[in-house]
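Q:
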Amino acid sequence: MTTLRRYLAEEIATDHVDGLLTRRETLRRLALLGLGTAAAGELISACAAKHPVPERSTGSGQPPGAANTQPTTAITWAGPQGQLQGAWAQAPESKGCVLVIHENKGLTDWVRSVAGRLAGAGHSALAIDLLSEEGGTAAFQDPAQATAALGTIAVERFTRDLNSGVAELKLRAPGQKVGVVGFCFGGGLVWQLLASGAPGVSAAVPFYGPLPANPDFAGSKAAVLAIYAALDARVTGTQAAAKAALDRTGLVNEIVVEPDADHAFFNDTGPRYNEKAAADAWQRLLDWFGRYLAP
Numbered sequence: 367m368t369t370l371r372r373y374l375a376e377e378i379a380t381d382h383v384d385g386l387l388t389r390r391e392t393l394r395r396l397a398l399l400g401l402g403t404a405a406a407g408e409l410i411s412a413c414a415a416k417h418p419v420p421e422r423s424t425g426s427g428q429p430p431g432a433a434n435t436q437p438t439t440a441i442t443w444a445g446p447q448g449q450l451q452g453a454w455a456q457a458p459e460s461k462g463c464v465l466v467i468h469e470n471k472g473l474t475d476w477v478r479s480v481a482g483r484l485a486g487a488g489h490s491a492l493a494i495d496l497l498s499e500e501g502g503t504a505a506f507q508d509p510a511q512a513t514a515a516l517g518t519i520a521v522e523r524f525t526r527d528l529n530s531g532v533a534e535l536k537l538r539a540p541g542q543k544v545g546v547v548g549f550c551f552g553g554g555l556v557w558q559l560l561a562s563g564a565p566g567v568s569a570a571v572p573f574y575g576p577l578p579a580n581p582d583f584a585g586s587k588a589a590v591l592a593i594y595a596a597l598d599a600r601v602t603g604t605q606a607a608a609k610a611a612l613d614r615t616g617l618v619n620e621i622v623v624e625p626d627a628d629h630a631f632f633n634d635t636g637p638r639y640n641e642k643a644a645a646d647a648w649q650r651l652l653d654w655f656g657r658y659l660a661p
């Protein structure tokens with residue numbers, strides 16, 4: 367099982383531990399990733415031992431940046447192995463543009479909203495659909511099937527498609543610097559993109575993303591703001607290794623751990639949304655992009 371596929375399976379198991387999925391649905395989703403009942407049971411037990419169920423802190427206000435959200439438009443462009451799909455949000459006066467990498471359910475309305483919020487904050491944004499070659503996220507009626515499909519794709523294809531997204535941004539916003547942000551599964555792909563080199567990326571913000579084994583970021587020049595959640599022991603436990611790898615290659619970096627927040631705390635449509643942590647992380651993201659994507 368690949369590192370990313372294992373991560374997807376652990377996300378499902380942890381959702382069950384947190385009471386977000388029934389055992390039956392959990393076993394179904396893990397089966398789609400290729401885990402039999404015995405292996406799935408072992409994974410659930412392992413995740414339960416590492417992840418005490420947190421208290422919920424959702425809040426009732428608008429998500430950060432929502433007041434100035436810009437509309438998104440569905441676009442396509444020629445990728446390395448076929449047509450790629452995405453959602454484009456144009457900032458009225460763009461100060462650097464951003465590639466948005468989705469979670470493990472593909473290009474959802476929430477991911478589109480993040481692109482729109484970034485555009486409202488002055489950064490034209492492209493939310494890429496990494497299931498484009500499978501017909502796009504919209505082709506999957508069952509989100510679990512979309513997750514399973516992502517688990518079959520090689521990391522090399524992801525990085526090729528992401529680099530194509532960076533190139534598309536440079537065509538749409540000539541002369542502007544490019545940043546990247548990703549969440550959960552997408553946060554892991556931010557790390558993978560940086561490890562692949564990605565010379566066109568000036569700034570990167572992975573949100574609670576799984577770190578590749580023994581990462582080497584020597585080919586990257588990006589300034590990296592890595593955001594973690596204090597209650598997300600599974601991913602936050604890799605922050606020291608991430609910091610060491612970034613320092614080893616001399617990349618500008620900052621590590622932030624949001625207190626009292628859990629995995630996926632930034633997603634205001636999800637059960638782990640934490641209003642206070644999301645607002646703080648959003649402001650840090652804007653400050654980071656403002657600093658490192660400035661003309």
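Just so you know, this note's numbering puts 466 at position 100 of the sequence shown, and the rest follows in order with no gaps.
Ideal placement from N, C-alpha and C gives every residue a C-beta, glycine not left out.
The structure presented is a predicted model; accordingly, all values stated were derived computationally and were not measured.
Within the continuous alpha helix (DSSP H) that includes Tyr373, where are the two ends?
A: That run of the alpha helix (DSSP H) goes 369-383.
Q: Ala491: which of Gly472, Gln436, Leu617 sits nearest, CA to CA?
A: Per the Cα distances, Gln436.
Q: Can you give me the Cβ contacts of Ala512 inside the same chain, cut-off strictly under 7 Å, excluding the 5 residues immediately before and after it?
A: Lys471, Gly472, Leu497, Thr503, Phe506, listed in sequence order.
Q: Grab the span of the alpha helix (DSSP H) containing Ala606 for me, first residue to last.
A: Where Ala606 is concerned, the enclosing alpha helix (DSSP H) stretches over 605-614.
Q: In or out: Glu408 buried (at least 16 other Cβ within 10 Å) or exposed?
A: So Glu408 ends up on the exposed side.
Q: Can you tell me whether Arg614 is buried or exposed, with buried defined as 16 or more other CB within 10 angstroms of its CB?
A: Counting Cβ neighbours within 10 Å, Arg614 comes out exposed, since fewer than 16 surround it.
Q: In the DSSP assignment, what are the bridge partners of Gln449?
A: In the DSSP output, where bridge partners are listed per residue, Gln449 has Ala444.
Q: For Arg638, does the count of other Cβ atoms within 10 angstroms reach 16, so buried, or fall short, so exposed?
A: The residue is buried, with at least 16 neighbouring Cβ atoms inside 10 Å.
Q: Compute the distance between the beta-carbons of Val546 and Ala561, then report whether it is under 9 Å.
A: Going by C-beta atoms, Val546 is not nearer than 9 Å to Ala561.
Q: Can you give me the C-alpha to C-alpha distance between Arg395 and Leu370, rounded to a whole angstrom?
A: Answer to the nearest angstrom: the Cα atoms are 15 Å apart.
Q: In the structure shown, what three-state DSSP assignment does Tyr639 receive?
A: Reduced to three states, the DSSP call for Tyr639 is coil.
Q: Considering Cα atoms alone, identify which of Ala606, Ala493, Leu612, Ala630 is closest to Asp598.
A: Nearest C-alpha to Asp598: Ala630.
Q: How about Ala457 and Gly431: are their beta carbons less than 9 Å apart?
A: Contact flag unset, no.
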